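Residue numbering for the sequence shown follows numbering that gives the first Met the number 0, beginning at 0 and increasing consecutively.
Ideal Cβ placement from N, Cα and C applies to all residues, glycine included.
It should be emphasised that the depicted structure is a prediction, and the values quoted were computed from it without experimental measurement.
Notes for the one structure printed next.
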Amino acid sequence: MILTSVVGMLLAADGWLSLHVLIIGNAGIALVAAGGAAINHLVDSRIDQIMARTRKRPVAEGRISVMQAALFATVLTISGMLLLILFINPLTAWLTFASLIGYAFIYTGFLKRATPQNIVIGGLAGAAPPLLGWTAVTDSVDAFPLVLVLIIFAWTPPHFWALAVHREKEYAKAEIPMLPVTHGGAYTRLHILLYTLILTGVTLLPFATRLTGLVYLAGVVLLNVRFLQWSWWLFRQSRDHAAFKTFKYSITYLMLLFLVLLMDHYLPVML
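Shown next as structure tokens:
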């Protein structure tokens, strides 16, 4: 997600982006995010021991104690906050801290275990990086970064539900109420397709609101066609390992979408 923060900065910059903001801003955001990840390892250690993809994490394996993990998370978070407050701006610092609270405590500590809509509600915290990058440059909240937050927010359900379909048995064993566990695979596959359609509409907003140009439109249409294709194959179960392949494509999709945003931003200037 640091890529989306960097893109947020570059889109916000009027001319060349200051290396000071680029390096220190992203370092601060990354440190706080790492603090949130450490808290996640701490809170989810029991679950991590059950699931194959997480059982090698240091707290789950007992290589790091609970106290050590808590101290590490605290040091990371405080270090990142100090960088942002002292060298960037307080707005970015407190928005970053709010994102940590949303992810590490509201999502990980409560929503993840409480509702199959955990990803939908909790996805807002993970969608913040482009806004954080933008505010690091401008010290203000504007429409463009909020649209980018909305894109990641809409992308999160099909991304994580595809993984949940692939790992359904593990989530069930860990007693995590992911959508495939509570409502079944067919219901989840349908909602992956529906949310991909929603995502397609949301990703057209930057062009529809004249925040981007034709380069972005062409790129995002191609990316969406492929995402819809994978979601359809997953819905119809017409490809082997479709859930995991949809999950992998969703990662590539988001990365390329933000790179297309940069191309759209800089190509007219270069031409």
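Where residue i sits in the DSSP three-state scheme
i, result
"K111", "helix"
"E60", "helix"
"L83", "helix"
"L270", "Confidence is the limiting factor: at L270 the pLDDT is only 46, short of 50, which leaves the residue's position unreliable, though a coordinate-based value still follows. It is coil, neither helix nor strand."
"I175", "coil"
"L210", "coil"
"G200", "helix"
"K55", "coil"
"A185", "helix"
"D263", "helix"
Close-in-space but distant-in-sequence residues of the same chain around residue i (CB under 6 Å, 5 per side omitted)
i, result
"F159", "I118"
"A11", "W133, V136 and T137"
"G200", "none"
"S249", "H158"
Whole-number beta carbon distance between residue j and residue i, since they are thought to touch under 8 Å
i, j, result
"R188", "F234", "5 Å"
"I49", "A173", "4 Å"
"T95", "I28", "6 Å"
"R56", "H40", "5 Å"
"G125", "I151", "7 Å"
"I197", "A153", "5 Å"
"L261", "L16", "That belief does not hold up - the Cβ atoms of L261 and L16 are roughly 11 Å apart, past 8 Å."
Own chain partners of residue i with C-beta closer than 7 Å, once the 5 adjacent residues on each side are dropped
i, result
"L266", "V214"
"S230", "P157, I191, L192, T195 and T245"
"A103", "G35, I38 and N39"
"D43", "T107"
"A68", "A37, H40, L41 and V58"
C-beta contact flag for residue i and residue j at 9 Å
i, j, result
"A32", "M0", "yes"
"G35", "A92", "no"
"I273", "G121", "Outside the shown range of the chain, which is 0 to 270, sits residue 273, and nothing can be said about it."
"V259", "P129", "no"
"L82", "I23", "yes"
"L162", "P115", "no"
"E169", "A51", "yes"
"F206", "L216", "yes"
"T202", "V219", "yes"
"L123", "S4", "no"
"A127", "A97", "yes"
"L30", "L90", "no"
"V148", "L204", "no"
Contact set for residue i: own chain, Cβ-Cβ below 8 Å, skip 5 residues either direction
i, result
"D47", "H40, T53, R54, R56, V58 and A59"
"T181", "P115"
Bounding residues of the alpha helix (DSSP H) (the contiguous stretch that carries residue i)
i, result
"I23", "Counting along the chain, I23 falls outside any alpha helix (DSSP H), and DSSP gives it neither H nor E."
"T95", "P89 to L99"
"R166", "Careful: R166 lies outside any alpha helix (DSSP H) and carries neither H nor E."
"D47", "S44 to I49"
"V136", "P128 to T137"
"I118", "N117 to G125"
"I1", "I1 to A11"
Test: residue i CB closer than 9 Å to a CB of chain C
i, result
"H240", "Looking for chain C here will not work: only one protein chain is present."
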